[in-house]
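**Q** In the UniProt record's numbering, the protein residues as written are 1 to 221.
My questions all concern the structure below.
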Amino acid sequence: MRLLVVEDEEDLVDALRVGLVRAGYAVDVSYDAPSAHEKLLVNTYDLVLLDLNLPGGDGFQLCRTVRAAGQGVRIIMVTARDRLDDRVRGLDEGADDYLVKPFAFPELLARVRALLRRDAGGGTSVLEVGGLRIDTARLEVSLDGRSLALTPKEYGVLHYLMTRPGHVVSTEELLEHVWDEHADPFTSTVRVTVGNLRRKLQEDGLIETVISRGYRLKEPS
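Spelled out as structure tokens, the structure:
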């Protein structure tokens with residue numbers, strides 16, 4: 001899944017980016033409100049971590065603008081402003097969650113997973129499709145009880161396909177949700193990653209190629 005971190009504290013941004021990438025997410029960053037707004041207009045994000053005190057604007061206004069445009073991206077406000085009226089306003093402006101600094105990183109990850117599960121229709125941190133199983137809290141993947149060691153991008157592709165079993169997912173969609181803004185749209189990285197993933201699964205046809213359209217995770221019969 002692809003996240004946007006909107007935060008002007010560089011040290012915090014660096015720490016968040018490292019931790020989120022290790023947890024399997026693609027991460028873009030904006031240090032001010034105008035650049036965040038621009039990225040939200042041109043990119044597809046699954047979730048935004050949004051500070052309130054930003055150069056060039058504030059998080060409340062940015063959240064309001066995103067919601068007025070009809071964008072359904074999940075938003076967690078992450079801020080040092082801990083007053084009750086700020087928390088209430090944040091949720092009323094359209095945020096899905098509100099987390100006060102300082103916070104424990106595992107709690108932030110748990111809140112991210114909880115919101116993304118809503119979109120995937122899941123009630124727990126475990127995804128299962130046939131014999132495939134992903135524990136998103138522990139970053140553990142198995143097939144028929146056999147543990148799989150995947151790279152972050154292999155994990156991201158499999159996770160995205162498992163949230164949409166039976167549906168065709170295009171290469172462009174995988175690039176939008178599994179890779180960050182630095183990915184080359186003309187690269188063969190998606191095809192190579194899917195090929196490596198298939199070899200590790202050791203299951204012919206589990207990930208199907210739909211010619212000229214993309215890839216599909218086979219649903220159990």
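Even for Gly, the Cβ is constructed at its ideal location relative to N, Cα and C.
Per DSSP, what kind of secondary structure is ASN43 in: helix, strand or coil?
**A** ASN43: coil per DSSP, three-state reduction.
**Q** Going by DSSP, name the residue or residues bridged to ARG191.
**A** Per DSSP, none; premise fails for ARG191.
**Q** Beta carbon of MET162: closer than 7 Å to some heavy atom of the ligand GTP?
**A** No copy of the ligand GTP appears in this structure; indeed no ligand is present at all.
**Q** GLY42 and VAL6: beta carbons closer than 8 Å?
**A** It should be pointed out that residue 42 corresponds to Val in this sequence rather than to Gly. It is not a contact, given that the beta carbons lie outside the stated cut-off.
**Q** What is the rounded straight-line gap between the Cα of LEU50 and the Cα of TYR25?
**A** Taking the straight line joining both Cα atoms gives about 16 Å.
**Q** Between which two residues does the alpha helix (DSSP H) harbouring VAL88 extend?
**A** Segment 84 to 92, the alpha helix (DSSP H) holding VAL88.
**Q** Which term fits ALA69, buried or exposed, when burial requires 16 or more other beta carbons within 10 angstroms of its beta carbon?
**A** With fewer than 16 other Cβ atoms within 10 Å, it is exposed.
**Q** Under 8 Å between the Cβ atoms of ARG64 and ASP96?
**A** For ARG64 and ASP96, no; Cβs fall outside 8 Å.
**Q** Considering only the beta carbon of each residue, do ARG111 and THR136 sit closer than 8 Å?
**A** Cβ atoms of ARG111 and THR136: not closer than 8 Å.
**Q** So the candidates are ILE207, LYS101, GLN71 and ALA15; which of them puts its Cα closest to the Cα of LEU52?
**A** Nearest option by C-alpha distance: LYS101.
**Q** Between ASP144 and GLY131, how many whole angstroms is the CB-CB distance? I'm expecting something under 8 Å.
**A** Sure, about 4 Å apart at Cβ, within 8 Å.
**Q** Taking only three categories from DSSP, how would you classify residue 285?
**A** This structure cannot settle anything about residue 285, because the visible part of the chain is limited to 1 through 221.
**Q** Exposed or buried, SER30, counting other C-beta atoms within 10 Å across all chains shown (16 or more means buried)?
**A** The residue is buried, with at least 16 neighbouring Cβ atoms inside 10 Å.
**Q** So LYS200 and GLU154 are in contact, right, with Cβ under 8 Å, and what is the actual spacing, rounded?
**A** 7 Å between Cβ atoms; contact.
**Q** Would you mind giving the Cβ-Cβ distance between LEU99 and VAL78, rounded to the nearest angstrom? I have them listed as a contact below 8 Å.
**A** About 5 Å separates the two Cβ atoms, so the contact holds.
**Q** Assuming the contact rule is C-beta atoms closer than 8 Å, ILE134 and LEU108 should be a hit. Round their C-beta distance to whole Å, please.
**A** The pair is not a contact, with the Cβ atoms about 20 Å apart (cut-off 8 Å).
**Q** Ignore the nearest five residues each way along the sequence and tell me which others in LEU148's own chain have a CB closer than 8 Å to its CB.
**A** Within the same chain, LEU148 has close Cβ partners VAL141, SER142, LYS200 and LEU201.
**Q** Please report the Cβ distance between GLY94 and ARG67, rounded to the nearest whole angstrom; I am assuming they are in contact, meaning their Cβ atoms lie under 8 Å.
**A** Right, their Cβ atoms sit about 4 Å apart.
**Q** What three-state label does DSSP hand GLY130 in the structure shown?
**A** GLY130: coil per DSSP, three-state reduction.
**Q** Give the list of continuous alpha helix (DSSP H) stretches no shorter than 4 residues that lie fully inside the UniProt domain "Response regulatory" (2 to 116).
**A** DSSP runs (the alpha helix (DSSP H)) wholly in the UniProt domain "Response regulatory" (2 to 116): 10 to 22, 33 to 42, 59 to 68 and 84 to 92.
**Q** For ILE211, does the count of other Cβ atoms within 10 angstroms reach 16, so buried, or fall short, so exposed?
**A** Classification of ILE211: exposed, given that the 10 Å Cβ count is below 16.
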